[in-house]
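So the number in the numbering used here is just where the residue sits in the sequence shown, counting from 1, plus 12.
Cβ coordinates follow ideal geometry from the N, Cα and C atoms, glycine included.
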Amino acid sequence: MRTIAVTRYVTPLREGGSLPAIAEGDDGFLYVLKFRGAGQGTKALIAELIGGMIAKLLGLKVPELVYATIDEAFGRTEPDEEIQDLLKASVGLNIGVHYLSGSITYDPNVIQPDPQTASRIVWMDAFLTNVDRTCRNTNMLMWYKELWVIDHGACLYFHHSWDDWEAQSLKPFAAIKDHVLLPFAKELNAADQWAREKIDKSVLDAIVELIPDDWLSAESKLSFDEQRTVYKTFLWNRFTHSSIFLNQAIDARKALI
Numbered sequence: 013m014r015t016i017a018v019t020r021y022v023t024p025l026r027e028g029g030s031l032p033a034i035a036e037g038d039d040g041f042l043y044v045l046k047f048r049g050a051g052q053g054t055k056a057l058i059a060e061l062i063g064g065m066i067a068k069l070l071g072l073k074v075p076e077l078v079y080a081t082i083d084e085a086f087g088r089t090e091p092d093e094e095i096q097d098l099l100k101a102s103v104g105l106n107i108g109v110h111y112l113s114g115s116i117t118y119d120p121n122v123i124q125p126d127p128q129t130a131s132r133i134v135w136m137d138a139f140l141t142n143v144d145r146t147c148r149n150t151n152m153l154m155w156y157k158e159l160w161v162i163d164h165g166a167c168l169y170f171h172h173s174w175d176d177w178e179a180q181s182l183k184p185f186a187a188i189k190d191h192v193l194l195p196f197a198k199e200l201n202a203a204d205q206w207a208r209e210k211i212d213k214s215v216l217d218a219i220v221e222l223i224p225d226d227w228l229s230a231e232s233k234l235s236f237d238e239q240r241t242v243y244k245t246f247l248w249n250r251f252t253h254s255s256i257f258l259n260q261a262i263d264a265r266k267a268l269i
């Protein structure tokens, strides 16, 4: 991942609790930024990083992810007090995704994705326990007639409470029944096979190693390396037992259609 410095706050995107915004980087490009100072803190950044990298690994369309640094002086001239407080709380390393200018929100009533793409996205979200890709909030964009997945900050909800994380890694994912693409996901078994060709332990470990130290909890009883080990084990357990969430997704789709 590249690292950019944020040079200009362009406009807020007042959606959800993460208070994202469009900002300009020192490379001249626009990015949708997620801030460490927002309500969900750095856990949302970790989920965005892991989710986005796995989406890319699975061959899905996902905007480029970058580390985005905010300087202490940045935002002092911001007239909106709420935004200024957010920027002050977000000094340091944040995360950004390339802004897809001209994109529109995906609407399942207008466009039906092909079964292969739909199945791979449903599989990924069941794997990552993503509760936030529903009809109410699709978290997908249409850009140049292609479907792009965005906003993975709601993935891996186990890390908001580390209790029983190992048991959580082996649980089905009941929320998959509400997935916006589930009706179109006719090839879930094929999606599982595809994932097995693209993912192994080494690539999952490499993705987790991308988590910066200062996104991990300094208040945890676990060291930074031990926290990364939890993420690695959670993902690997879930991947090697994918039949648990795969079968639930298949059953949920049968009940839906």
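Subject >> heavy atom of the ligand GDP below 7 Å from Asp176 C-beta >> reply: This structure lacks the ligand GDP; in fact it carries no ligand of any kind.
Original post:
By how many angstroms is the C-alpha of Leu45 removed from the C-alpha of Ala2?
Top reply: Only positions 13 to 269 of the chain appear in the structure, and residue 2 is not among them; the question remains open.
Original post:
DSSP state of Pro184, grouped into three classes?
Top reply: Numbered from its first residue, the sequence shown carries residue 184 at position 172. It is coil, neither helix nor strand.
**OP:** Specify the secondary structure class of Pro91 as computed by DSSP and reduced to three states.
**Re:** Taking the first residue of the sequence shown as 1, we reach residue 91 at position 79. It is coil, neither helix nor strand.
Original post:
Along the chain, where does the beta strand (DSSP E) that runs through Trp160 open and close?
Top reply: By 1-based counting over the sequence shown, the position of residue 160 is 148. In the DSSP assignment, Trp160 falls within the unbroken beta strand (DSSP E) covering 158 to 161.
Subject >> CA-to-CA distance, Phe41 to Pro91, given in whole angstroms >> reply: In the sequence shown, counting from the first residue as 1, residue 91 sits at position 79. In the sequence shown, counting from the first residue as 1, residue 41 sits at position 29. Going from the Cα of Pro91 to the Cα of Phe41 covers about 23 Å.
**OP:** State buried or exposed for Thr141, treating a residue as buried only when at least 16 other CB atoms are found within 10 Å of its CB.
**Re:** To locate residue 141, count along the sequence shown from 1; it is residue 129. With 16 or more other Cβ atoms within 10 Å, it is buried.
Subject >> For Thr89 and Thr129, the rounded distance between their alpha carbons >> reply: Locating residue 129 in the sequence shown gives position 117, where the first residue counts as 1. Locating residue 89 in the sequence shown gives position 77, where the first residue counts as 1. Those two C-alpha atoms are separated by around 44 Å.
Subject >> Alpha-carbon to alpha-carbon, Leu234 and Pro224 >> reply: Within the sequence shown, the letter at position 212 stands for residue 224. Within the sequence shown, the letter at position 222 stands for residue 234. Distance between the alpha carbons of Pro224 and Leu234 is about 15 Å.
Original post:
How about Arg132 and Leu70: are their beta carbons less than 8 Å apart?
Top reply: In the sequence shown, residue 132 corresponds to position 120, counting from 1. In the sequence shown, residue 70 corresponds to position 58, counting from 1. Yes. Within cutoff.
**OP:** Within the region 36 to 60, note down every full beta strand (DSSP E) run reaching 3 residues or more, in order along the chain.
**Re:** Runs of the beta strand (DSSP E) inside the region 36 to 60: 42 to 46.
Original post:
Is DSSP giving Ile211 helix, strand or coil here?
Top reply: Working through the sequence shown from its first residue, we reach residue 211 at position 199. Annotated three-state conformation of Ile211 is coil, per DSSP.
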